[in-house]
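Trainee: Sharing a structure here in structure tokens format.
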Amino acid sequence: MPMKALVAEPIHNAAIQALKGLGLSVEVSLGLSRDALCSALGSGAIDVLIIRTKVQADRELLNCWKGTQRLLCRAGIGVDNIDLDAATALGIAVINTAEASTQSVAELAIGLMIAAARNVASQDRAIRIGAWKRQEGMELSGKTLGIIGLGRIGSRVAMLGKALGMHVVAHDPYIRDDRFAEFGAEKSTLEDTLGRADVVSLHTPLTPETERMMNKARLGIMKQGSILINTARGPMVDDEALCDALDSGHLAGAALDVFPEEPYKGRLLSNESVIMTPHIGGSTSESLERIGMRLVEQIAEFLRAGHTSALNAPLVPTGAEDLVVLARALGRLCAQLDGPLHRITVQASAHGRVLTHAAVQGALSVHQEGINLVNALAQAQQRGISVLTGQTEPADKQQPGELQVMVNETLAAGSVQGGMRITRIGEHTRLDFAPQGSILLLWYDDVPGVIGAVGTHLGKADINIKRMVVSDVADGNALMALAVGDALDAEVMEGLRERLKEFGLSRLAQVRL
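Throughout, our numbering is defined as the position within the sequence shown, counted from one, plus 254.
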């Protein structure tokens with residue numbers, strides 16, 4: 255019996271025909287209710303499910319899916335509507351088409367800029383009700399375009415903006431300086447970019463750090479009379495705060511293709527200064543065909559070779575599972591302690607290839623969504639990051655089983671012997687803490703009183719300390735690592751920094767592992 259694919263949301267017809275050419279039985283059932291979809295998946299007859307953004311592939315739905323070899327295909331870039339952890343736990347491979355819609359989204363962003371700058375939507379509405387009144391607009395040539403996130407789409411928008419004669423400033427803390435120059439963008443901080451730009455365009459992934467990043471405070475930093483464009487992810491913008499900024503006249507306009515929830519029903523619907531489109535970034539015939547055909551290529555690869563191109567299907571050797579988790583955590587740790595990524599080096603006595611993938615995955619996942627064991631090295635290469643793997647011998651002076659990861663000049667090491675733990679950061683050894691949760695790191699002079707001062711300050715702030723370890727002293731300097739229940743807010747961090755000045759605090763950082 256041939257394998258069967260269920261197309262639950264629209265894809266290009268050429269892709270449907272190509273799927274049939276792979277020998278798949280293809281059922282196109284658009285607009286199924288959740289119950290009907292769950293029933294279809296529960297029949298055990300569906301091997302491949304193709305969705306876009308409407309179907310919420312959460313744990314409940316995925317639990318309905320019966321079968322042994324199952325592939326969930328997201329026709330597009332984002333996987334916000336897919337529970338990757340649940341899919342992995344259930345053995346469901348997940349693929350997407352990360353680059354197929356880049357040009358279409360970038361062109362939409364530029365089109366929305368032009369439409370907002372020239373008040374196209376409001377003047378269209380006016381003329382339809384007989385109000386023949388010209389509204390003064392703004393030329394984009396000579397203006398400053400601020401781009402938040404200089405990845406695939408952001409860099410394309412930068413180049414298109416330059417072609418319009420705009421000066422481009424951009425913020426992306428994880429892109430090397432020479433990459434900014436390559437795209438014709440001036441590197442800047444987030445606040446400086448917001449404050450200088452006549453038009454701000456968002457192109458970052460949705461992460462806990464970027465969710466609601468455009469809040470009241472950051473909208474207030476934006477230049478008087480400027481314009482906000484969002485073709486990235488809706489939850490990055492506080493729609494209530496945006497509505498207030500438009501009503502007050504602080505912002506001249508906004509153009510949005512994505513919203514906190516879709517379909518959108520909030521206050522912005524009644525605001526004449528907003529242009530809204532229904533998440534059409536990738537909805538061009540060219541993009542939809544590229545997306546569909548890229549899916550077919552990946553499905554063919556999956557049928558031929560298994561999970562090799564899946565987002566959530568690491569090829570982990572038996573017995574190396576804990577080392578992979580540790581490598582990923584060490585990569586995340588180092589990336590949060592060192593600036594734009596230039597070089598990632600992994601030293602391991604065994605399983606070097608998969609551990610290198612895991613360390614790179616950890617480092618890149620700090621600032622980019624969708625990174626996995628399979629695509630980590632390709633993404634690093636695309637960003638111009640050098641990746642090196644070294645083989646260590648048992649005769650080394652390293653601790654038995656120690657794994658080392660270095661990002662740029664920041665080194666961290668750990669071991670899985672006797673339990674997974676991080677044992678070293680930089681020159682500071684004899685650490686011992688689990689690579690998980692929120693970790694507070696303090697570098698300070700080796701003098702009495704520091705532990706008490708830290709404990710007292712965090713106690714007053716109702717911060718629970720789960721574990722505290724202090725390293726060996728290196729050149730008179732010690733490193734304290736604290737596992738805390740919750741991440742510290744800026745006020746608590748600043749207070750702690752002030753409190754520890756007398757103890758020679760040289761650095762304070764918190765990381766999430």
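The C-beta atom is built at its ideal place from N, Cα and C for all residues, glycine as well.
Just so we're clear, the structure is a prediction, and the values are computed from it rather than from any experiment.
Do you know how far the Cα of E314 is from the Cα of V727?
Mentor: Computed Cα separation, rounded: 51 Å.
Trainee: Need the endpoints of the beta strand (DSSP E) that H421 sits in, please.
Mentor: Taken as a continuous stretch (DSSP letters only), the beta strand (DSSP E) holding H421 covers 421-425.
Trainee: Could you have a look at S251 and say whether DSSP puts it in helix, strand or coil?
Mentor: Any question about residue 251 goes unanswered here, given that the chain covers just 255 to 767.
Trainee: Using DSSP's beta-bridge definition, name the partner residues of Q764.
Mentor: DSSP lists L694 as partners of Q764.
Trainee: Compute the distance between the beta-carbons of H495 and L473, then report whether it is under 7 Å.
Mentor: Looking at the sequence itself, residue 495 is Ala, so the reference to His does not match. The answer is yes: Cβ separation under 7 Å.
Trainee: Tell me whether L523 sits in a helix, a strand or coil according to DSSP, three-state version.
Mentor: L523 falls in the helix class under three-state DSSP.
Trainee: Tell me, please, whether the segment 684-694 touches the segment 734-754 by the rule of three or more beta-carbon pairs shorter than 8 Å.
Mentor: Short answer: they touch.
Trainee: In or out: L750 buried (at least 16 other Cβ within 10 Å) or exposed?
Mentor: Buried.
Trainee: Buried or exposed: which applies to E263, given that a residue is buried once 16 or more other Cβ atoms fall within 10 Å of its Cβ?
Mentor: With 16 or more Cβ atoms within 10 Å of its Cβ, E263 is classed as buried.
Trainee: Is it right to say G616 is buried, meaning 16 or more other beta carbons lie within 10 angstroms of its own, or is it exposed?
Mentor: Answer is buried; the Cβ neighbour count reaches 16.
Trainee: Could you please give the first and the last residue of the uninterrupted alpha helix (DSSP H) stretch that includes I381?
Mentor: I381 -> alpha helix (DSSP H) spans 374-382.
Trainee: Ends of the beta strand (DSSP E) at G507?
Mentor: Its beta strand (DSSP E) spans residues 505-510.
Trainee: Residues in its own chain within less than 6 Å of P660 by CB, not counting five upstream and five downstream?
Mentor: According to the sequence as given, residue 660 is Met; it is not Pro. Same-chain partners within the cutoff: T599.
Trainee: Nearest to V723 by alpha carbon, out of F687, V708, D592?
Mentor: It is F687.
Trainee: Using the Cβ count rule (16 or more neighbours within 10 Å means buried), how would you classify I401?
Mentor: Looking at its Cβ environment, which holds 16 or more other Cβ atoms inside 10 Å, I401 is buried.
Trainee: Taking DSSP's pairing of strands, which residues face S640 in a bridge?
Mentor: Answer is R597, bridged to S640.
Trainee: Under 7 Å between C-beta atoms, does K387 make it to chain B?
Mentor: No chain B is present in this structure, which holds just one protein chain.
Trainee: In the DSSP assignment, find the alpha helix (DSSP H) that holds A311 and state where it starts and stops.
Mentor: Run containing A311: none; DSSP gives neither H nor E here.
Trainee: Would the beta-carbon of T356 fall within 7 Å of that of R288?
Mentor: No.
Trainee: Confirm, please, whether the CB-CB distance from V491 to R450 is below 7 Å.
Mentor: In this structure, V491 does not lie closer than 7 Å to R450 by Cβ.
Trainee: Could you name the residues that DSSP lists as bridge partners for R306?
Mentor: Paired residue(s): none; R306 is not in a bridge.
Trainee: Could you tell me the alpha carbon to alpha carbon distance between R770 and N525, rounded to whole angstroms?
Mentor: Residue 770 lies beyond the residue range present for the chain, which begins at 255 and ends at 767; the question has no answer from this structure.
Trainee: For H561, does the count of other Cβ atoms within 10 angstroms reach 16, so buried, or fall short, so exposed?
Mentor: Confidence in H561 is poor, its pLDDT being 49 and thus under 50, which makes the residue's placement unreliable; the coordinate value appears in the next sentence. So H561 counts as buried.
Trainee: What are the boundary residues of the beta strand (DSSP E) that includes G668?
Mentor: Element bounds for G668: 664-669.
Trainee: Tell me which residue opens and which closes the beta strand (DSSP E) that T398 is part of.
Mentor: Residues 398-402.
Trainee: Considering only their Cβ atoms, is the gap separating D511 from G546 smaller than 7 Å?
Mentor: Their beta carbons are not under 7 Å apart, which means G546 does not touch D511 by this criterion.
Trainee: What is the DSSP secondary structure of K441, reduced to helix, strand or coil?
Mentor: It is a strand residue.
Trainee: What do you get for P462, buried or exposed, if any count of 16 or more other CB atoms within 10 angstroms of its CB means buried?
Mentor: Exposed, because fewer than 16 other Cβ atoms sit within 10 Å of the Cβ of P462.
Trainee: What are the partner residues of D699, as DSSP defines its beta bridges?
Mentor: Per DSSP, N731.
Trainee: Could you please give the first and the last residue of the uninterrupted beta strand (DSSP E) stretch that includes R721?
Mentor: Unbroken beta strand (DSSP E) run through R721: 719-724.
Trainee: Can you tell me whether E515 is helix, strand or coil according to DSSP?
Mentor: Three-state result, E515: coil.
Trainee: Count Cβ pairs between the segment 663-677 and the segment 585-596 that sit closer than 8 Å; are there 3 or more?
Mentor: Enough Cβ pairs lie closer than 8 Å, so yes.
Trainee: Under 8 Å by Cβ, that's how I've got L295 and C318 pegged, so tell me the actual separation to the nearest angstrom.
Mentor: Indeed, because the Cβ distance is near 5 Å, the residues count as touching under 8 Å.
Trainee: When DSSP builds the beta bridges, which residues end up paired with R328?
Mentor: DSSP lists I305, N350 as partners of R328.
Trainee: Under 8 Å by Cβ, that's how I've got G321 and I336 pegged, so tell me the actual separation to the nearest angstrom.
Mentor: The Cβ separation is near 17 Å, so there is no contact.
Trainee: For H682, does the three-state DSSP call read helix, strand or coil?
Mentor: Strand, per DSSP.
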